[in-house]
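Which chain is which? The protein sequence lines are A and B, in order. FYI, in this note's numbering the residues of the first sequence are 32 to 163. FYI, in this note's numbering the residues of the second sequence are 32 to 163. Data block below; observations after.
Protein chains: 2
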Amino acid sequence: MIEPIAEQKMEANKKAVREFYELALNTKDFVAASRYLGPRYVQHNPLVGDGKEGFLAFLAKLKAEYPDNRNEIKRIFADGNYVIIHVHSVRIPGTRGRAIFDLFKLEDGKIVEHWDAIQEIPEKSANSNGMF
Amino acid sequence: MIEPIAEQKMEANKKAVREFYELALNTKDFVAASRYLGPRYVQHNPLVGDGKEGFLAFLAKLKAEYPDNRNEIKRIFADGNYVIIHVHSVRIPGTRGRAIFDLFKLEDGKIVEHWDAIQEIPEKSANSNGMF
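See the structure below:
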């Protein structure tokens, strides 16, 4: 069975990821966001360099190229040391944007690893349910 | 706290998604896979039609166009009624393939809703960690 302490930890991990994500992708404040990162930050997004330095460079570029970028967390899940978010990302207001899943691994409440998959939302769909 | 019965349910949901996914994407047996679907199957993948019929048409097309398609589950997570899988999909053997996150909602142990995000694995990466 899942111990109550494990459940509390998963809720705390969700909260940490929410706060980190808001500071990073929306506020675009690397200093504030980086407080949520652990001693290492292993990056699996192929467009972002490894570690905190790679993440800093990514955020600087995002801020310069897409200052109005907004990422909205639609759903959040936790299992063990992992948190998964389902995100609607709009780089330029008024555009359809992209559907994203981000997966974070946490250790001692800090984010240490990140994976994702990003898909442009197409103009037309084979169903009327939307991507969220 | 998470009740033991809730944890058992999440493990059963993971097992159902694993079996469904193998039968659908690898064996490509719609009849066998569809036994894991609930009374409805709400589809959010914009390239697939809604419901069981849309899924049947998708599998038939996959089987015809990519008979050697293989989807490998790299990681699986569960939270409440949801199961998330992180997948490496290779449609044509020897190609880099795609990174996928699939999100499934289950009711009474059956799959009733599906979302995903699919990204081609690029030739070059800004880090050496791979997408998994």
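Don't be surprised by glycine CBs; every beta carbon is placed ideally from N, CA and C. Predicted, not measured: the structure shown is a model, and the values here were computed from it.
Item                                                                                                                        : Value
Close-in-space but distant-in-sequence residues of the same chain around I149 of chain B (CB under 7 Å, 5 per side omitted) : R129, I131
E151 of chain A - partner residues in DSSP beta bridges                                                                     : A:R129
Nearest-angstrom Cβ-Cβ length linking H119 of chain A and R106 of chain A, presumed shorter than 8 Å                        : 10 Å between Cβ atoms; not a contact.
Minimum Cβ-Cβ distance from L78 of chain A to chain B less than 9 Å                                                         : yes
Close Cβ partners of A88 of chain A (< 7 Å) along its chain, the five nearest in sequence each way excluded                 : G80
Residues of the stretch 98 to 132 of chain A with Cβ closer than 7 Å to any Cβ of chain B, in chain order                   : F108, A109, D110, Y113, I115, H117, A130, I131, F132
Cβ-based burial, F108 of chain B [other Cβ within 10 Å; buried from 16]                                                     : buried
Interface flag, N160 of chain A vs chain B, CB-CB below 9 Å                                                                 : yes
For L56 of chain A and R101 of chain A, the rounded distance between their alpha carbons                                    : 7 Å
Bridge partner(s) assigned by DSSP for R101 of chain B                                                                      : B:V121
Residue(s) in a DSSP beta bridge with K136 of chain B                                                                       : B:Y113, B:E144
Sub-9 Å separation of V114 of chain A and F86 of chain A beta-carbons                                                       : no
Cβ shell of R71 of chain B (< 6 Å), same chain only, five flanking positions each side left out                             : V143
K141 of chain A versus A:V48, A:F163, A:G161, A:E151, residue with shortest Cα-Cα distance                                  : A:V48
Contiguous alpha helix (DSSP H) assignments of at least 4 residues, all confined to the stretch 42 to 109 of chain B        : 61 to 65, 82 to 96
Residue-chain proximity (L134 of chain A, chain B), Cβ-Cβ < 9 Å                                                             : yes
Own chain residues within Cβ distance below 6 Å of A63 of chain B, not counting five before or after                        : L54
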